[in-house]
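Trainee: Residue numbering for the sequence shown follows UniProt numbering, beginning at 1 and increasing consecutively.
Heads up, the beta-carbon is just placed ideally off N, CA and C, and yes, glycines get one too.
I'd like to ask you about the structure that follows.
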Amino acid sequence: MLDAKNNRLDYGAALKPPMGYDLDFAVTTTYTLDLEAILLIPVALFFSGDLDFNPKEIREDMLEALTNVSKHIAVFCQRGKIKVPKPYNPLMAYWEKGIHQIQMPNYDQSFHPKIWIIRYTAKNKKEPIKYRFISTSRNLTFSRDWDMAITTDGEVNKIEKENNKGIIDLLQYLKKTSGFNIPEVFFKELPKVAFEVPDGFTNIDFHPIGINKTYKNPITTKSEKQDYRLVVSPFLDKTTLNYFTGSTKQCAVFSTDFELSSLKEADLKSVTKKFCFSPFIEEAESMDELSEPDEIPMSQSLHAKLFIDKKGSSISWYLGSANATKPASEKNIEFMVELKTDSSSKGPQQMVRKLTTTSDSPICLFEPFDSEERTILESEKIKEQQIRKIIHTLSDIIITGKAIKNESGNYDLEITVPKKDLKLPEGIIIKIKPLPEKRKSSVAINAIEEQIITDFNNYEEINLSPFLIIEIELNSKIEKRFVVDMKINLEETRFNKIFSTIINNRSRFLNYLSFLLSEETPDKLEDEYIANKKRKGTGMDTSIAFFDGTPIYEKLMITSSRNPERLKKIDRLIERLKGEKETNGTEIVTIEFEELWQVFKPTNTIENGS
Numbered sequence: 001m002l003d004a005k006n007n008r009l010d011y012g013a014a015l016k017p018p019m020g021y022d023l024d025f026a027v028t029t030t031y032t033l034d035l036e037a038i039l040l041i042p043v044a045l046f047f048s049g050d051l052d053f054n055p056k057e058i059r060e061d062m063l064e065a066l067t068n069v070s071k072h073i074a075v076f077c078q079r080g081k082i083k084v085p086k087p088y089n090p091l092m093a094y095w096e097k098g099i100h101q102i103q104m105p106n107y108d109q110s111f112h113p114k115i116w117i118i119r120y121t122a123k124n125k126k127e128p129i130k131y132r133f134i135s136t137s138r139n140l141t142f143s144r145d146w147d148m149a150i151t152t153d154g155e156v157n158k159i160e161k162e163n164n165k166g167i168i169d170l171l172q173y174l175k176k177t178s179g180f181n182i183p184e185v186f187f188k189e190l191p192k193v194a195f196e197v198p199d200g201f202t203n204i205d206f207h208p209i210g211i212n213k214t215y216k217n218p219i220t221t222k223s224e225k226q227d228y229r230l231v232v233s234p235f236l237d238k239t240t241l242n243y244f245t246g247s248t249k250q251c252a253v254f255s256t257d258f259e260l261s262s263l264k265e266a267d268l269k270s271v272t273k274k275f276c277f278s279p280f281i282e283e284a285e286s287m288d289e290l291s292e293p294d295e296i297p298m299s300q301s302l303h304a305k306l307f308i309d310k311k312g313s314s315i316s317w318y319l320g321s322a323n324a325t326k327p328a329s330e331k332n333i334e335f336m337v338e339l340k341t342d343s344s345s346k347g348p349q350q351m352v353r354k355l356t357t358t359s360d361s362p363i364c365l366f367e368p369f370d371s372e373e374r375t376i377l378e379s380e381k382i383k384e385q386q387i388r389k390i391i392h393t394l395s396d397i398i399i400t401g402k403a404i405k406n407e408s409g410n411y412d413l414e415i416t417v418p419k420k421d422l423k424l425p426e427g428i429i430i431k432i433k434p435l436p437e438k439r440k441s442s443v444a445i446n447a448i449e450e451q452i453i454t455d456f457n458n459y460e461e462i463n464l465s466p467f468l469i470i471e472i473e474l475n476s477k478i479e480k481r482f483v484v485d486m487k488i489n490l491e492e493t494r495f496n497k498i499f500s501t502i503i504n505n506r507s508r509f510l511n512y513l514s515f516l517l518s519e520e521t522p523d524k525l526e527d528e529y530i531a532n533k534k535r536k537g538t539g540m541d542t543s544i545a546f547f548d549g550t551p552i553y554e555k556l557m558i559t560s561s562r563n564p565e566r567l568k569k570i571d572r573l574i575e576r577l578k579g580e581k582e583t584n585g586t587e588i589v590t591i592e593f594e595e596l597w598q599v600f601k602p603t604n605t606i607e608n609g610s
């Protein structure tokens, strides 16, 4: 955001392994989570692929990455903040074991950090282990809001670094709170990782907020009065703003027109300079002359958080997830990165100029704020707090389910909602239904007594899911929809069924096999090519020959000598599809191919699973 023209955040590029390295394991945190958005992320982490494609268009790299995702990536989000996808995609099942929801103790607290900690291993085992740390203000969603991020890499060496204690303690908090066992190697190696300091800065520190009494907000707990402070925050409140202006000689505040207008004029009087995010940029996608024909217009509001303090020649930058609000200082779990420098070019006054001027465009990111004071109805605040309390209570309910096989071979669901002391305000109704459900409406629940719901039935195995949609209605209007999980035992065979509905014929099998051997997506393989063309060389039918003319046998020979690890992936592919048939009844994996495969089958195979 500080240099929108030349320094834009490419999420895919930020996640890609360094040259010569592979993903080992990644931990990421987010407040809200979009199940459709995270279908793309594994492509960057596993195959260094770009994320500029539609998740509805399934590719070989996307499918292969998703089948491995829960073994290599752990996502932590706030319970009750998973967005309802439109529509449900069975591939989301592969993420189920990789998503860990954090339930905060009180309704007015948020699990709000937005970081990545990624461990990469070198293809050449003599090279050191590398870690990447990413801190951003962006949630794992398709949001196009304006954000800020920092990415830094570090190698494991023999010298321990105190700077990384904040990262390690956050991981310990996640492990303890969720019950998920983050790989022990993170705790052993991170103390010995020297993360690179960005150009222009001299030091980097990591500050989790709220994970215990020791970790407080490093900005709002400063004892020394600052000379100048810059605040960039999409959310503001009176208490925090008064602290900021009272603990510095000069203060420049950057926020949205809505937030600044919501404060009283007296509260803004002590602010030296006030700027609001450009209304033109915020609504640009909705303008006919700027809209894209195939894109749904989305708001591009401010979402970045940045605080710059200057005391004498010492300058500190803080960027991450914390807003300029009281909850961010006293209630939430947050994460901020501190960068230190004595370079005047990084000072708050210089950044004010950078954010409010432009050399080659008539439009600035921020413009002077001069709007009138806005009155927010007290009734709206009360309603918002009521709904937040309800979401917190509903998220705390342990819903259980059973998938019962019926006479047709499909499954009927039995969902049990336990008794809960849930007092609903007048006009509010809670409804529930399975996430994959497309035909039936949600069913109302009362939570005053145990309730067994049997309305949802006859699901194919691929459409079973532990996820439920919860809807909060107020006077027959849906106010909130979110996703929670229920405790239900589902067969592991479900993942193979999902896989075989996509790789459902011999053509797609060979296409996928080619990708695993080369990790380069081939051209589409036409069914007629397989059916009619014969190849020489090995004397084998072209049903086991590639479309580039090279027989599979030769491809497998090359792979077994140069990249034997890929044979394990192929073995897992064959195990998934063994016994599966095309619509005409023929085997997808032929007996002839299985006999050929026995020559190359690795002795230590990877277990089949999600």
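1. Got a sec, what are the start and stop residues for the alpha helix (DSSP H) GLN386 sits in?
2. What first and last residue would you give for the alpha helix (DSSP H) that runs through PRO42?
3. Name the residue from THR393, GLU36, SER270 whose alpha carbon lies nearest to the alpha carbon of ASN446.
4. Going by C-alpha distance, which of GLU414, GLY427, LEU468, ASN496 is nearest ASN458?
5. Exposed or buried, what is ASN332 when buried is set at 16 or more other beta-carbons lying within 10 Å of its beta-carbon?
6. For ILE171 versus ILE182, is the C-beta distance shorter than 8 Å?
7. Return the first residue and the last residue of the beta strand (DSSP E) that residue 617 is part of.
8. Can you tell me the Cβ-Cβ gap for PHE201 and ALA74, rounded? I've got them flagged as a contact below 8 Å.
9. Run through the region 120–178 for me and flag every whole beta strand (DSSP E) of 3 or more residues, listed as ranges in chain order.
10. Please state whether DSSP places ALA557 in a helix, a strand or coil.
11. Do you know whose CA, among LEU573, ASN54, LEU510, GLU479, lies nearest PRO551's CA?
12. Bridge partners of ARG508, per DSSP?
13. What's the C-alpha gap between LYS534 and PHE515?
14. Can you check which of these residues, ASP145, GLY166, VAL231, CYS77, is closest to LYS114 by C-alpha distance?
15. Just list the residues that DSSP pairs GLY401 with in beta bridges.
16. Between ASP455, ILE397, ARG229, GLU592, which lies nearest to ASP421 when the distance is taken from Cα to Cα?
17. At which residues does the beta strand (DSSP E) containing THR29 begin and terminate?
18. Please find out if some non-hydrogen atom of the ligand MN comes closer than 7 Å to the beta-carbon of ILE159.
19. Taking only the alpha-carbon atoms, compute the straight-line gap between SER314 and ILE204 and give it to the nearest angstrom.
20. Express the C-alpha separation of VAL43 and ARG59 in angstroms, rounding to a whole number.
21. Please report the straight-line C-alpha distance between VAL352 and ARG572, rounded to a whole angstrom.
22. Examine the Cβ distances between the region 380–387 and the region 400–407 and report whether three or more of them are shorter than 8 Å.
23. Select from SER178, ASP153, PHE206 the residue whose C-alpha is nearest the C-alpha of GLY166.
24. Report the three-state DSSP secondary structure of PRO17 (helix, strand or coil).
25. Where does the unbroken alpha helix (DSSP H) through SER70 begin, and where does it stop?
26. Taking a contact to mean a Cβ-Cβ separation below 8 Å, would you say ILE219 touches TYR318 in this structure?
27. Run through DSSP, which three-state label would PRO90 get?
28. With respect to the alpha helix (DSSP H) encompassing TRP597, which residues constitute its N-terminal and C-terminal limits?
29. According to DSSP, is GLU330 helix, strand or coil?
30. Going by beta carbon distance, what residues of the same chain come within less than 6 Å of ALA13, once the five residues before and after it are set aside?
31. Is DSSP giving TYR107 helix, strand or coil here?
32. Taking a contact to mean a Cβ-Cβ separation below 8 Å, would you say TYR120 touches LEU435 in this structure?
33. Where DSSP assigns a beta bridge to LYS341, which residues make up the other side?
34. Count the other C-beta atoms from every protein chain shown that fall within 10 angstroms of the C-beta of ASN217, then say buried if there are 16 or more, exposed otherwise.
35. DSSP three-state label for ALA447, please.
36. How would you label ARG494, buried or exposed, when you count the other beta carbons within 10 angstroms and need 16 or more for buried?
Mentor: A quick look at the data gives this:
1. Within the sequence shown, residue 386 is the residue found at index 386, counting from 1. 378–395 is the span of the alpha helix (DSSP H), which, as asked, contains GLN386.
2. Numbered from 1 along the sequence shown, position 42 holds the residue referred to as residue 42. Note, PRO42: alpha helix (DSSP H), 41–47.
3. Taking the first residue of the sequence shown as 1, we reach residue 446 at position 446. Of the candidates THR393, GLU36, SER270, the one whose C-alpha sits nearest the C-alpha of ASN446 is THR393.
4. Stepping through the sequence shown from its first residue, residue 458 is reached at position 458. Of the candidates GLU414, GLY427, LEU468, ASN496, the one whose C-alpha sits nearest the C-alpha of ASN458 is GLU414.
5. Looking up residue 332 in the sequence shown gives position 332. So ASN332 counts as buried.
6. To locate residue 171, count along the sequence shown from 1; it is residue 171. To locate residue 182, count along the sequence shown from 1; it is residue 182. It is worth fixing the name first, because residue 171 is Leu in this sequence and not Ile. Yes.
7. As displayed, the chain neither begins before 1 nor continues past 610, which places residue 617 out of reach and without an answer.
8. Walking along the sequence shown from the start, residue 201 turns up at place 201. Walking along the sequence shown from the start, residue 74 turns up at place 74. Actually they are not in contact, since the Cβ atoms of PHE201 and ALA74 sit about 30 Å apart, beyond 8 Å.
9. 130–136, 149–156
10. Looking up residue 557 in the sequence shown gives position 557. Note that residue 557 is Met in the sequence shown, not Ala. In this structure, MET557 counts as helix in the three-state DSSP scheme.
11. As a working note, residue 551 is residue 551 in the sequence shown. That would be LEU510, whose Cα lies nearest to the Cα of PRO551.
12. Taking the first residue of the sequence shown as position 1, residue 508 is located at position 508. Answer by DSSP bridge pairing: none, since ARG508 is not bridged.
13. Looking up residue 534 in the sequence shown gives position 534. Looking up residue 515 in the sequence shown gives position 515. Residue confidence for LYS534 is low, a pLDDT of 39 falling below 50, so the modelled location carries little weight; the figure read from the coordinates is stated next. Distance between the alpha carbons of LYS534 and PHE515 is about 22 Å.
14. Counted from its first residue, the sequence shown places residue 114 at position 114. Taking only the C-alpha atoms, the option nearest LYS114 is CYS77.
15. In the sequence shown, residue 401 corresponds to position 401, counting from 1. DSSP output for GLY401 lists ILE415 as bridge partner(s).
16. By one-based count along the sequence shown, residue 421 stands at place 421. Of the candidates ASP455, ILE397, ARG229, GLU592, the one whose C-alpha sits nearest the C-alpha of ASP421 is ILE397.
17. Stepping through the sequence shown from its first residue, residue 29 is reached at position 29. Residues 21–30.
18. This structure simply doesn't include the ligand MN, nor any ligand for that matter.
19. Here residue 314 corresponds to residue number 314 of the sequence shown, with the count starting at 1. Here residue 204 corresponds to residue number 204 of the sequence shown, with the count starting at 1. Those two C-alpha atoms are separated by around 14 Å.
20. One-based indexing of the sequence shown puts residue 59 at position 59. One-based indexing of the sequence shown puts residue 43 at position 43. Spanning the two alpha carbons is a distance of roughly 10 Å.
21. Along the sequence shown, read from residue 1 onward, the residue named residue 352 stands at position 352. Along the sequence shown, read from residue 1 onward, the residue named residue 572 stands at position 572. Going from the Cα of VAL352 to the Cα of ARG572 covers about 55 Å.
22. no
23. For the purposes of this step, residue 166 is taken as the residue at position 166 of the sequence shown. The candidate whose alpha carbon is nearest that of GLY166 is PHE206.
24. As a position in the sequence shown, residue 17 is number 17, starting the count at 1. The answer is coil: DSSP assigns PRO17 none of H, G, I, E or B.
25. Sequence index remark: in the sequence shown, residue 70 carries index 70 (1-based). Segment 60–72, the alpha helix (DSSP H) holding SER70.
26. Residue 219 sits at position 219 when you count from the first residue of the sequence shown. Residue 318 sits at position 318 when you count from the first residue of the sequence shown. Closer than 8 Å, so yes.
27. Within the sequence shown, residue 90 is the residue found at index 90, counting from 1. PRO90: helix per DSSP, three-state reduction.
28. Sequence index remark: in the sequence shown, residue 597 carries index 597 (1-based). Start and end: 591–600.
29. The residue you call residue 330 lines up with position 330 of the sequence shown. Helix at GLU330.
30. As a working mapping, residue 13 is identified with position 13 in the sequence shown. Closer than 6 Å at Cβ, skipping near neighbours: no residue.
31. As a position in the sequence shown, residue 107 is number 107, starting the count at 1. TYR107 falls in the coil class under three-state DSSP.
32. Looking up residue 120 in the sequence shown gives position 120. Looking up residue 435 in the sequence shown gives position 435. Contact: no.
33. The residue you call residue 341 lines up with position 341 of the sequence shown. For the sequence presented, residue 341 should be read as Thr rather than Lys. In the DSSP output, where bridge partners are listed per residue, THR341 has ILE315.
34. Translated into positions along the sequence shown, residue 217 becomes position 217. So ASN217 ends up on the buried side.
35. As a position in the sequence shown, residue 447 is number 447, starting the count at 1. Looking at ALA447 - three-state DSSP - the assignment turns out to be coil, as it is neither helix nor strand.
36. Against the sequence shown, residue 494 aligns to sequence position 494. Counting Cβ neighbours within 10 Å, ARG494 comes out buried, since at least 16 surround it.
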